[in-house]
Amino acid sequence: MLTFFLGCKKEEISKCDDNIGLFTFSSYPIGTAIDFNALESDPVYKSIAIKQFNSITPENIFKAQYIHPEPLLFNWTEADRLASFCQNNNKRLHGHTLIWHQQLPQWILDYQGSPFDWELLMKVHIQTVMTHFKNKVTAWDIVNEAFNEDGTLRNSIWKQKIGDGYIEKAFLFAREADPSALLFYNDFNLESNTTKLNSVLSFLNNLRNRGVRIDGIGIQMHISTYYPEPTQIANTFQKIATQNYKIHVSELDISVNPLGKDFVPSEELFNEQANLLGSLVLNYNQIPKQFQHGITFWGISDKNSWIRDFYNREDYPLLYDDNYLPKPCYCKLIKTL
Ligand code: XIL
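Pasting the structure below:
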């Protein structure tokens, strides 16, 4: 793994003062996913989270596996601690995620019941969690990753048990539980796959025509220095905003080694990473203000990134290096916000 520092140039770094938050440069929220264990055990991680970001997405602890481990048991301990952290430090809390096919507890995977029983299970899950965090969570990813790459609906456990109507029902239950929260649909590859983006938009527009309120779309943006082109990103922002959805760049990271090859990090690659981030931000700045929900990075330092564990590859996708030193993309971000 990378042990040397390929950071911002000294003359650029004057603004990278620890006491200046990234969000102070920005007219929209700048967020990070929070790994709860790192927040509690690593003081450097915690101080960067406090100083640099003003929106927080829980990376794991709000997922059903953690928050709803047994049918009649909700585990609020860690989630409540994170909510207090956000309140005490004046951070927006973005809830992630209620209905997803992954990170489900075993009892849901094993659950036997009629479509109506499953609908009730989904309702209880959504409404208990949202009611618990009323006035603490501003916005929620209600449904996550419901589409395939070819634009069809993913055959998730929710679709299998409840039918195609589960997405509509999830949004209706959510709206009932907290009418003032912003409700998002969240997915990946929307910036690079127009078939998928078009399907998501026409599906959500159809729900809206039926009176379902959907406030925004989360574009995860697990992207790389190779793909997509900045123009694809610009077109996606345009297309979503013109259809009146708020846009959350919800899980941003920029891989420099997407194919998991033997890898030599170079200054050139980190500059490419910075340039892609810069053009993404400039394009995001063009979105009308009322549609800018914010840009959230999926972690703080390369050493905390999910990509290394999940894909088991060497990678450096975030703003800070393994020693918590800001990388060129950090300086680019400050310049472009
Ligand atoms: C990831 C977390 O970062 C990992 O720690 C966990 O092991 C798996 O999930 N899309 C999502 C996120 O919506 O919730 C995922 O987060 C990354 C992909």
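1210 is the number that the working numbering gives to position 307 of the sequence shown; each next residue is one higher, with no gaps.
Yeah, the Cβ is synthetic: ideal placement off N, Cα and C, and Gly gets one too.
Three-state class that DSSP yields for residue i in the structure shown
i	result
Trp-1209	helix
Leu-1056	strand
Ile-923	coil
Leu-1221	coil
Val-1152	strand
Arg-983	Looking at the sequence shown, residue 983 is not Arg but Asp. DSSP places Asp-983 in helix when its eight states are reduced to three.
Glu-973	strand
Gly-1121	strand
Ala-1084	coil
Pro-1229	strand
Tyr-1129	coil
Thr-960	strand
Phe-907	Unreliable positioning characterises Phe-907 in this predicted model, as indicated by a pLDDT of 40, which lies under 50. A coordinate reading is not provided.
Trp-1003	coil
Trp-1021	helix
Asp-1044	strand
Ile-1029	helix
Contact under 8 Å by Cβ, residue i with residue j
i	j	result
Ile-1122	Ile-1150	yes
Glu-1079	Asn-1160	no
Ser-1204	Asp-1225	yes
Leu-1104	Gln-1146	yes
Val-1152	Leu-1236	no
Pro-1231	Ile-1157	no
Tyr-1214	Ile-1198	no
Pro-961	Ile-937	yes
Phe-1194	Tyr-1148	yes
Thr-1139	Glu-1094	yes
Leu-942	Phe-988	yes
Gly-1054	Ser-1102	yes
Asn-1038	Asn-1089	no
Thr-927	Phe-1200	no
Closer than 8 Å to chain B by CB, residue i
i	result
Thr-1128	Reference to chain B is not applicable here, since this structure consists of a single protein chain.
Proximity test, residue i beta-carbon vs the ligand XIL heavy atom, cut-off 7 Å
i	result
Trp-1209	yes
His-999	yes
Gln-1094	Just to set this straight, residue 1094 is Glu in the shown sequence, not Gln. Glu-1094: no, Cβ never under 7 Å from the ligand XIL.
Glu-1154	yes
Trp-1201	yes
Gln-968	no
Asn-1051	no
Phe-939	no
Phe-1213	yes
Glu-1132	no
Asn-1109	no
Gln-1146	no
Phe-1091	yes
Gln-1189	no
Glu-962	yes
Gln-1030	no
Gln-1195	no
Gln-990	no
Inter-residue CB distance, residue i and residue j (contact presumed, cutoff 8 Å)
i	j	result
Thr-1031	Phe-977	6 Å
Lys-1064	Pro-1018	6 Å
Lys-994	Ile-1045	About 21 Å; that fails the 8 Å criterion.
Ala-952	Gln-1006	Between Gln-1006 and Ala-952 the Cβ distance is about 22 Å, and since that is not below 8 Å, they are no contact.
Phe-1087	Trp-1043	7 Å
Tyr-1014	Leu-1024	6 Å
Leu-1222	Pro-1229	6 Å
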